[in-house]
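What follows is a set of notes on a single structure, which appears directly below.
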Amino acid sequence: MINSENLYQLWQYLHQNPELSFKEHHTTQFIARTLKNWGITFRRFKNLETGGYADVGSGGPVVAYRAEIDALPIEENPAHSVISHNRGVMHACGHDYHTTIGLGLLKYFSEKPQKTGGRLRVIFQPGEEAAPGGAEKVLAENIWQDVKGILTVHTQPQTPVGTFSLFRGAVQASSTSVKILLKGPGGHTSRPFESVDLINVAGQYITQLQSYVKQKTDVRDAVAFAFGSINGGETHNIIPDKIFLWGTLRTLDNEVLARCLKHIQHFSSSFAKLFDIQIDVQFPTICPAVINDANLVRKFYDFMQEQNLEQQIQMPEKPSMGSDDFSFYLKKAPGLYLIMGGGGKGALHSPDLEMDQALIDSALEVLSGFISYLFKETPIKTEKKT
1 MINSENLYQL WQYLHQNPEL SFKEHHTTQF IARTLKNWGI TFRRFKNLET GGYADVGSGG
61 PVVAYRAEID ALPIEENPAH SVISHNRGVM HACGHDYHTT IGLGLLKYFS EKPQKTGGRL
121 RVIFQPGEEA APGGAEKVLA ENIWQDVKGI LTVHTQPQTP VGTFSLFRGA VQASSTSVKI
181 LLKGPGGHTS RPFESVDLIN VAGQYITQLQ SYVKQKTDVR DAVAFAFGSI NGGETHNIIP
241 DKIFLWGTLR TLDNEVLARC LKHIQHFSSS FAKLFDIQID VQFPTICPAV INDANLVRKF
301 YDFMQEQNLE QQIQMPEKPS MGSDDFSFYL KKAPGLYLIM GGGGKGALHS PDLEMDQALI
361 DSALEVLSGF ISYLFKETPI KTEKKT
């Protein structure tokens with residue numbers, strides 16, 4: 001039987017030994033070793049060097065839980081009571097907690113077969129912080145045939161332990177990397193009329209492109225489009241022949257995303273003809289928005305009501321404009337993404353992040369109950385848009 005002290009020890013090891021995206025070799029070995037000691041088989045992914053999955057239960061539907069296992073290149077605040085032993089690397093996004101919760105769920109259901117009317121599959125995903133992340137490669141694994149629903153949680157230090165933020169619809173935005181190359185003839189600043197003043201043109205392009213995308217988008221649809229990098233030219237008296245732009249497009253609706261990508265391509269083609277230059281537009285990474293399944297949202301709320309825990313539910317109106325590659329799994333099964341109270345201090349992705357270990361017990365109590373509820377309530381049907 002697993003208890004809070006055992007869970008805390010698991011979390012402590014994970015927090016003290018963080019590893020960067022797709023380099024989580026020791027983390028993967030630790031997960032495999034822990035599960036082997038519990039008599040649970042851990043299976044490695046075929047398309048990835050790190051991560052894997054484990055099942056408990058038999059027959060019936062499969063309900064999956066996704067746990068990210070990677071950390072961030074951040075130097076942790078040395079004043080923390082438990083700190084990273086891997087200098088310059090820190091679990092600054094709660095993935096150590098998410099992994100501990102996944103281990104705890106496997107242990108719980110392996111010891112309580114009477115609670116299992118199906119199979120629980122915990123996916124230990126590498127590389128969530130990378131772009132592209134690990135979810136796309138996990139999607140290619142042959143593990144989705146019987147999955148009827150997939151869950152995940154994300155800790156939030158600013159909300160109290162025990163609370164769960166439940167979003168109707170969008171939870172996290174899409175995130176598309178936008179790389180643009182402007183090419184012109186170049187020339188000398190003493191004779192700009194013989195070339196194209198590409199820096200001036202690039203400035204016009206940026207402002208007009210952003211205005212065009214905004215003008216072509218319904219004002220009721222959230223779109224964030226900004227450039228974070230511009231690079232061109234090496235000296236003061238030579239007009240460059242190339243300007244590189246790199247930005248990000250974010251939306252809360254995947255159909256809006258598709259339209260915005262077309263707008264960028266259309267505008268760029270027209271602008272290039274007007275100024276007699278070449279514009280190459282690429283979208284090297286496209287991470288869709290995380291959209292909660294309406295039926296799973298209702299089921300979670302109904303479960304919490306049955307347990308007299310509805311006071312622990314928060315229903316935020318505004319989703320995050322951040323992103324999470326959990327969205328790729330929604331191509332295979334309906335999903336539910338919950339924001340869980342961490343009761344801590346500091347911000348996510350900061351060296352000061354520190355959360356209350358009590359969140360582990362809170363998460364296991366609610367998630368183990370909800371997964372049992374889903375086994376009894378299957379089949380899980382995805383609500384179609386009308």
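All letters in the sequence shown, in the order written, are residues 1 to 386 by the UniProt record's numbering.
Virtual Cβ for every residue (Gly too), placed ideally from N, Cα, C.
Computed from a prediction, not measured in an experiment: that's the story for all the values here.
Exercise for the section: Using a threshold of 8 Å, state whether the C-beta atoms of Y301 and L166 are closer than that. Expected result: Yes, Cβ-Cβ distance for Y301 and L166 is below 8 Å.
Exercise for the section: Measure how close the beta-carbons of G228 and I243 come, nearest whole angstrom, since I'm counting them as under 8 Å. Expected result: At roughly 15 Å, the Cβ-Cβ gap does not stay under 8 Å, so G228 and I243 are not in contact.
Practice task
Count the C-beta pairs between the segment 117 to 136 and the segment 258 to 275 that are closer than 8 Å, then say yes if the count reaches three, no if not.
Solution key: Counting Cβ pairs under 8 Å, fewer than three are found: no touch.
Practice task
Could you tell me the distance, in whole angstroms, from the CA atom of A358 to the CA atom of T155?
Solution key: Whole-angstrom Cα-Cα distance: 12 Å.
Problem - Through-space distance from K214 to H15, alpha-carbon basis - result: Approximately 42 Å, taken between the alpha carbons.
Problem - For E365 and P288, the rounded distance between their alpha carbons - result: The alpha-carbon of P288 is positioned some 30 Å away from that of E365.
Practice task
Examine the Cβ distances between the segment 61 to 76 and the segment 96 to 105 and report whether three or more of them are shorter than 8 Å.
Solution key: Between the segment 61 to 76 and the segment 96 to 105, the count of C-beta pairs closer than 8 Å reaches three or more; the two stretches touch.
Practice task
Using beta-carbon positions only, say whether G186 and I239 come within less than 8 Å of one another.
Solution key: For the pair G186 and I239, the CB atoms are nearer than the 8 Å cut-off.
Exercise for the section: Please list, in chain order, all residues of the same chain as L7 whose beta carbon is under 7 Å from its beta carbon, the five residues on each side excluded. Expected result: So the list reads T100, G104 and I360, once near-sequence residues are dropped.
Problem - Nearest-angstrom Cβ-Cβ length linking L338 and P157, presumed shorter than 8 Å - result: Rounded, the Cβ-Cβ distance is 15 Å, inconsistent with contact.
Practice task
Indicate whether the contact test is met: 3 or more Cβ pairs, each with one atom in the segment 275 to 293 and one in the segment 162 to 177, closer than 8 Å.
Solution key: Counting C-beta pairs closer than 8 Å gives three or more between the segment 275 to 293 and the segment 162 to 177, which meets the contact rule.
Handout entry: Close beta carbons around L245, own chain, < 6 Å, minus the five adjacent residues each side
Key = I180, F227 and I230.
Practice task
Give the secondary structure of D96 by DSSP, where H, G and I count as helix, E and B as strand, and everything else as coil.
Solution key: Residue state for D96 is assigned as helix, using DSSP reduced to three classes.
Exercise for the section: Evaluate T50 with the Cβ neighbour count: other Cβ atoms within 10 Å of its Cβ, from every protein chain shown; 16 or more gives buried, anything less gives exposed. Expected result: The residue in question, T50, is buried, as its Cβ has 16 or more Cβ neighbours within 10 Å.
Exercise for the section: Could you tell me whether the segment 303 to 315 touches the segment 198 to 216, where touching means 3 or more Cβ pairs closer than 8 Å? Expected result: In short, these stretches do not touch, since the Cβ pair count stays below three.
Problem - Limits of the unbroken alpha helix (DSSP H) element including A212 - result: First, the residue type needs correcting, since residue 212 is Tyr and not Ala in the sequence shown. DSSP places Y212 inside the alpha helix (DSSP H), whose first and last residues are L198 to Q215.
Practice task
Just tell me which of S350, Q278 and G369 has its CA closest to the CA of V201.
Solution key: V201 has its Cα closest to that of Q278, out of S350, Q278 and G369.
Practice task
Under 8 Å by Cβ, that's how I've got residue 391 and G346 pegged, so tell me the actual separation to the nearest angstrom.
Solution key: No answer is possible for residue 391: the residues shown for the chain start at 1 and end at 386.
Handout entry: Endpoints, the beta strand (DSSP E) within which Y337 is located
Key = Unbroken beta strand (DSSP E) run through Y337: G335 to G341.
Practice task
List the residues that DSSP assigns as beta-bridge partners of G369.
Solution key: Note: G369 sits in no beta bridge, so no partner.
Problem - Environment of V219 [buried if 16+ CB atoms lie within 10 Å] - result: V219 counts as exposed, since fewer than 16 other C-beta atoms from the protein chains shown sit within 10 angstroms of its C-beta.
Exercise for the section: Measure how close the beta-carbons of V89 and R168 come, nearest whole angstrom, since I'm counting them as under 8 Å. Expected result: Not confirmed; about 36 Å, so no contact.
Practice task
Pull up the DSSP beta-bridge partners for M90, would you.
Solution key: L72, per the DSSP bridge assignment.
Problem - DSSP three-state assignment for Q16, whether helix, strand or coil - result: Helix.
Problem - Alpha carbon of P78 to alpha carbon of S350, nearest angstrom - result: Rounded to whole angstroms, P78 to S350 spans 13 Å at the Cα level.
Practice task
Buried or exposed for G134, please, with buried defined as at least 16 other CB atoms from any protein chain shown within 10 angstroms of its CB.
Solution key: Buried: at least 16 other Cβ atoms inside 10 Å.
Problem - As assigned by DSSP and simplified to three states, the class of I264 - result: Helix, per DSSP.
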